[in-house]
Structure formats: C-alpha cells, structure tokens
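When the letters of the sequence shown are read in order and numbered with our numbering, they come out as residues 17 to 249.
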Amino acid sequence: MIFNLEVLNNYPQDRKITVTETSPGSTTNKTRTWWRLDNILADQQGNKISGWLTEQSELTTRHSPWEWEGFDFISETPCNLDHLACHFDNSGQLDESEQADYAARIDLSDNGPIKERLYNIIDIDNDKKLTPEEIKIALAFPWSAQSISFLLTHYESEWFFSNEKWSELNKIIYKEELNNDWEIEKIRIESCSWWQSLARNLNFPQNAKIWHFHLHSLLANFSSKQSPVVRAG
C-alpha cells in the first residue's frame, strides 16, 4: 500500500502516537510516529488487519511522488475484434468451429497486458475470468482497489471513430446474415465520436492512442509537493 505522509501526519490524535527514544549506545534522541490503520492492510491470506504502523527500514520506504511509486504503465496490444471474440467465447456465443477460427484472437485478448494485470489483482480463482463478484470484492479491499486505481493504460480512445475498425467486427457479428441492429449501432457510435475534431483543433494525437488514468489517484499522488509517499509492505 502507498500512503501520503502528509495524510498520515494529519491523522487525529487518537490515531497517532509520537514516541521519542534513544538507541543503545547513542545520546541522540530519535522521534518515531505510529499511525493507527484500521482494515487497510492485509495479512498473507488476504484478510483485512488493523494495527499500528511506523516507518522502519524492514517494512517501509519513502518515495517522491515523481517516482510514481506503485503505478503501473501498461500499453495495450489486442484490438477490438480480439476482445469481442474473447467476450463471445466466455459468454458461450461461439460454436466449436468459431472457437477454432478465433482461438488466436481469444488468446491475444486473454493474455493482453492490461487483462494480465487485472487478473493478478482481481481473479481470485485464477480461471482467467473477471466476474462481477470478483470485481466487487477487489474494490472492497483498499490494497486491491488502490492497485486498480494506479493503472495507467495506453490504448485508443473510445471517442475516436474509424469505420474500418468497427466494420472489422462484422465478420463475427453478422455470421450468416446482415445484422441491422449492428449497422444502426455503428451509426450511433460515429455520432458520439468527437476525437477527430478535437485533434485538429488542439493538436491531439491523430491516432487517438493516449494514456488513461484514474483522476483521483493522480491528484492524490501530487496533492503535496513537499511530502513524500510511504510504501508499506
């Protein structure tokens, strides 16, 4: 877990203890602060624990916010067709021949860098599926919720429309006949797109491949220019 030292030092008095002690063989006093953390850290089995935390070389390290400690920078590699094929496979919408045809794409999606990191954080039973219940549990635990919010991911913005990109999905959606609902949906997606006009006016990347981040975590990391962050565990 990553803690902002300024936040810890602003804890109320009943959750903070400052102790002055002298090391054996030394005449120099050393001040140590303990902070009370309730249900924020986890034991080796992943259960919430409560207790007092202090800075010590064996358990904690200090870092500048500009070190981006704890953040993961991940560039996505699979495309929309890969992810859709994987979704259809997981939801039982592909027959055996289609599973064989799209096996490579399903594998690309399942083993893409973003999914791999999410599996590490969320996938409790290691079955390479992210169920609503697993996501709910992950967001309920501070340590896994923080890891999710510390993901900085690089991929194409959903606000960018490319007819070629969306029409690539025709082969798996149409199957044997034209799907009018999908044609209408592509028109709706295009009407919602605004990236092209923004890119022209503000010199944004024409290919719309940008970094996406959790705003609160980003602002919290740089909430103080002076105070470092503390990594515990």
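Ideal Cβ placement from N, Cα and C applies to all residues, glycine included. Please read these numbers as outputs of a predicted model, since none were measured by experiment.
Point to revise | Endpoints, beta strand (DSSP E) assigned at Ala224 | key: Run containing Ala224: none; DSSP gives neither H nor E here.
**Study point:** Backbone secondary structure at His228 - three-state DSSP
**Key:** strand
Practice item. Starting from Asn55, follow the beta strand (DSSP E) in both directions and report where the run begins and ends. Key: Asn45 to Ala58
Review point. Ile65 bridges to which residues according to DSSP?
Key: Leu57
Practice item. Identify which residue in Ile189, Arg48, Phe238 and Ala161 has its Cα closest to the Cα of Gln72. Key: Arg48
Exercise for review: Please name the residue in Asp139, Asp59, Gly86 and Trp175 whose C-alpha comes closest to that of Glu206.
Suggested key: Trp175
Review point. Taking C-alpha atoms, which residue in His99, Ser163 and Leu24 lies nearest to Thr34?
Key: Leu24
**Study point:** Glu172, DSSP secondary structure in three states
**Key:** strand
Practice item. Note down, one range per segment and in chain order, each alpha helix (DSSP H) of at least 4 residues found wholly within the segment 67 to 122. Key: 96 to 106 and 112 to 117
Practice item. Report the three-state DSSP secondary structure of Ile10 (helix, strand or coil). Key: Coverage of the chain is limited to positions 17 through 249, which leaves residue 10 absent and any answer about it impossible.
Point to revise | Rounded Cβ spacing between Met17 and Pro158 (contact assumed at less than 8 Å) | key: 7 Å
Exercise for review: Would you please verify whether the beta carbon of Glu74 is less than 8 Å from any beta carbon of chain D?
Suggested key: The displayed structure is made up of one protein chain only, and chain D is not part of it.
Practice item. Could you please give the first and the last residue of the uninterrupted beta strand (DSSP E) stretch that includes Lys20? Key: Reading off the sequence shown, one finds Asn at residue 20, where the question assumed Lys. Note, Asn20: beta strand (DSSP E), Ile18 to Asn20.
Exercise for review: Return helix, strand or coil for Lys282, following the three-state DSSP convention.
Suggested key: Outside the displayed range of the chain (17 to 249) lies residue 282, so it cannot be described from this structure.
Review point. Would you report the Cα separation of Asn195 and Glu201, rounded to the nearest angstrom?
Key: 10 Å
Check your understanding: Taking all protein chains shown into account, do 16 or more other C-beta atoms lie within 10 angstroms of the C-beta of Trp102, making it buried, or fewer, making it exposed?
Key -> Per the sequence shown, the amino acid found at residue 102 is Cys instead of Trp. The residue is buried, with at least 16 neighbouring Cβ atoms inside 10 Å.
Practice item. Could you tell me whether the segment 55 to 71 touches the segment 163 to 171, where touching means 3 or more Cβ pairs closer than 8 Å? Key: no
Review point. Out of curiosity, what's the CA-to-CA distance linking Leu214 and Phe238?
Key: 27 Å
Review point. With a CB to CB cut of under 7 Å and the five nearest residues on each side skipped, what residues in its chain are close to Asn55?
Key: Lys64 and Ser66
Check your understanding: Taking Ser288 as the reference, which of Asn186, Phe19, Thr147 and Tyr171 has the closest Cα?
Key -> The structure shown does not extend to residue 288, since the chain is modelled only from 17 through 249, so no value can be given for it.
Point to revise | Tyr135 versus Asp117: straight-line alpha-carbon distance, rounded | key: 25 Å
Exercise for review: With DSSP collapsed to three states, give me the class of Ile33.
Suggested key: strand
Check your understanding: Which stretch, first to last residue, makes up the alpha helix (DSSP H) that contains Tyr135?
Key -> Pro129 to Ile138
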